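Those letters in the sequence shown? Residues 63 to 188, per our numbering, in order. Idealized CB from N, CA, C, for every residue including glycine. All of these numbers come straight from a predicted model, not from anything done at the bench. Heads up, the thing below is written out as C-alpha coordinates.
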Amino acid sequence: MTIRITRPLATHLLTLAQQSSTQPICGLVGAQHAHPRTVYPLNTAQSDDIQTTVTSLQQQNETLFAVYYSHPQQAAIPSVQDITQLQLDNLSNPYYLVISLNIKGVLEMRAWQRVGQEFDEVELTV
(Lines of atoms letter the chains of each structure in order from A; the text may use other names.)
(Lines give C-alpha, C1' and ligand atoms only; values in the text may rest on other atoms or scores of the structure.)
Protein backbone atom coordinates (compact mmCIF):
# COMPACT_ATOMS: atom_id res chain seq x y z
CA MET A 63 0.00 0.00 0.00
CA THR A 64 1.14 3.54 -0.77
CA ILE A 65 -0.09 6.83 0.66
CA ARG A 66 0.67 10.26 -0.71
CA ILE A 67 1.02 13.61 1.01
CA THR A 68 1.77 16.91 -0.64
CA ARG A 69 5.21 18.48 -0.42
CA PRO A 70 3.85 21.53 1.49
CA LEU A 71 2.24 19.21 4.05
CA ALA A 72 5.44 17.18 4.46
CA THR A 73 7.49 20.37 4.80
CA HIS A 74 5.09 21.70 7.43
CA LEU A 75 5.33 18.51 9.50
CA LEU A 76 9.12 18.40 9.26
CA THR A 77 9.34 22.09 10.25
CA LEU A 78 7.20 21.47 13.33
CA ALA A 79 9.50 18.62 14.35
CA GLN A 80 12.62 20.76 13.83
CA GLN A 81 11.18 23.60 15.91
CA SER A 82 10.92 21.21 18.85
CA SER A 83 14.11 19.28 18.24
CA THR A 84 14.56 18.11 21.83
CA GLN A 85 10.92 17.32 22.69
CA PRO A 86 8.54 15.04 20.80
CA ILE A 87 5.61 16.63 19.03
CA CYS A 88 2.33 15.05 18.01
CA GLY A 89 -0.84 15.95 16.20
CA LEU A 90 -3.43 14.88 13.70
CA VAL A 91 -3.76 15.29 9.94
CA GLY A 92 -7.23 15.87 8.53
CA ALA A 93 -8.28 14.93 5.00
CA GLN A 94 -11.06 15.84 2.61
CA HIS A 95 -12.06 13.20 0.08
CA ALA A 96 -9.08 11.07 1.24
CA HIS A 97 -6.63 13.88 0.42
CA PRO A 98 -4.60 14.92 3.49
CA ARG A 99 -4.53 18.69 3.87
CA THR A 100 -4.75 20.12 7.40
CA VAL A 101 -2.36 19.79 10.35
CA TYR A 102 -3.81 19.89 13.86
CA PRO A 103 -0.99 20.10 16.44
CA LEU A 104 -1.77 18.65 19.86
CA ASN A 105 -0.47 20.01 23.15
CA THR A 106 -0.74 16.57 24.72
CA ALA A 107 -1.53 13.05 23.62
CA GLN A 108 -4.36 12.81 26.15
CA SER A 109 -7.62 11.34 24.89
CA ASP A 110 -9.64 14.49 25.73
CA ASP A 111 -7.29 16.67 23.65
CA ILE A 112 -7.40 14.16 20.79
CA GLN A 113 -11.19 13.89 20.87
CA THR A 114 -11.60 17.68 20.89
CA THR A 115 -9.30 17.93 17.87
CA VAL A 116 -11.13 15.15 16.03
CA THR A 117 -14.39 17.03 16.62
CA SER A 118 -12.77 20.19 15.19
CA LEU A 119 -11.61 18.44 12.04
CA GLN A 120 -15.03 16.84 11.57
CA GLN A 121 -16.61 20.30 11.81
CA GLN A 122 -14.35 21.25 8.89
CA ASN A 123 -15.80 18.30 6.91
CA GLU A 124 -12.55 16.39 7.27
CA THR A 125 -11.78 12.84 8.31
CA LEU A 126 -8.86 11.68 10.42
CA PHE A 127 -6.14 10.70 7.96
CA ALA A 128 -3.08 10.34 10.17
CA VAL A 129 -1.48 10.83 13.52
CA TYR A 130 1.97 12.40 13.34
CA TYR A 131 4.67 12.52 15.96
CA SER A 132 8.39 12.92 16.21
CA HIS A 133 11.18 10.93 17.79
CA PRO A 134 13.99 13.41 18.49
CA GLN A 135 16.52 10.71 19.41
CA GLN A 136 15.11 7.54 17.84
CA ALA A 137 14.42 6.03 14.45
CA ALA A 138 11.14 6.76 12.64
CA ILE A 139 9.59 3.54 13.92
CA PRO A 140 6.53 3.43 16.21
CA SER A 141 7.26 2.30 19.75
CA VAL A 142 5.16 0.52 22.36
CA GLN A 143 4.93 3.85 24.20
CA ASP A 144 3.45 5.44 21.07
CA ILE A 145 0.71 2.81 20.99
CA THR A 146 -0.29 3.24 24.62
CA GLN A 147 0.21 7.00 24.88
CA LEU A 148 -1.95 7.96 21.91
CA GLN A 149 -5.08 6.10 23.11
CA LEU A 150 -6.78 6.00 19.69
CA ASP A 151 -8.63 2.71 20.09
CA ASN A 152 -12.04 4.36 19.69
CA LEU A 153 -11.14 6.15 16.44
CA SER A 154 -10.86 4.98 12.86
CA ASN A 155 -7.60 3.32 11.90
CA PRO A 156 -5.46 6.31 10.88
CA TYR A 157 -2.00 6.16 9.40
CA TYR A 158 0.93 7.05 11.63
CA LEU A 159 3.56 9.46 10.30
CA VAL A 160 6.71 9.16 12.41
CA ILE A 161 9.45 11.76 12.05
CA SER A 162 12.99 11.07 13.22
CA LEU A 163 15.46 13.82 13.99
CA ASN A 164 18.15 11.25 14.75
CA ILE A 165 19.65 11.51 11.27
CA LYS A 166 22.59 13.84 10.66
CA GLY A 167 21.59 16.56 8.22
CA VAL A 168 18.51 14.73 6.96
CA LEU A 169 15.05 14.39 8.43
CA GLU A 170 13.27 11.09 8.04
CA MET A 171 9.51 10.57 7.89
CA ARG A 172 7.96 7.13 7.50
CA ALA A 173 4.34 5.96 7.39
CA TRP A 174 2.79 3.08 9.30
CA GLN A 175 -0.60 1.47 9.81
CA ARG A 176 -1.60 -0.25 13.02
CA VAL A 177 -2.66 -3.89 12.79
CA GLY A 178 -3.66 -5.07 16.27
CA GLN A 179 -0.70 -4.28 18.53
CA GLU A 180 1.77 -4.21 15.62
CA PHE A 181 2.60 -1.65 12.95
CA ASP A 182 3.08 -2.40 9.26
CA GLU A 183 5.08 0.07 7.21
CA VAL A 184 3.25 1.78 4.36
CA GLU A 185 5.05 3.39 1.43
CA LEU A 186 4.95 7.17 1.73
CA THR A 187 5.30 9.36 -1.34
CA VAL A 188 5.58 13.14 -1.40
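Following the DSSP letters along the chain, one finds A72 inside the alpha helix (DSSP H) bounded by residues R69 to Q81. With distances taken between CA atoms, I161 lies nearest to W174 out of N155, W174 and A93. Along the region 95-144, the alpha helix (DSSP H) occurs as fully enclosed runs of 4 or more residues at 109-121, listed in sequence order. Sequence-distant Cβ neighbours of A93 in its own chain, meaning closer than 7 Å and more than five residues away, are R99, E124, T125 and F127. Residue range Y157 to S162 is occupied by the beta strand (DSSP E) that includes L159. Here G89 carries a strand assignment [DSSP, helix/strand/coil].
Bounds of the beta strand (DSSP E) holding T64 are T64 to R66.
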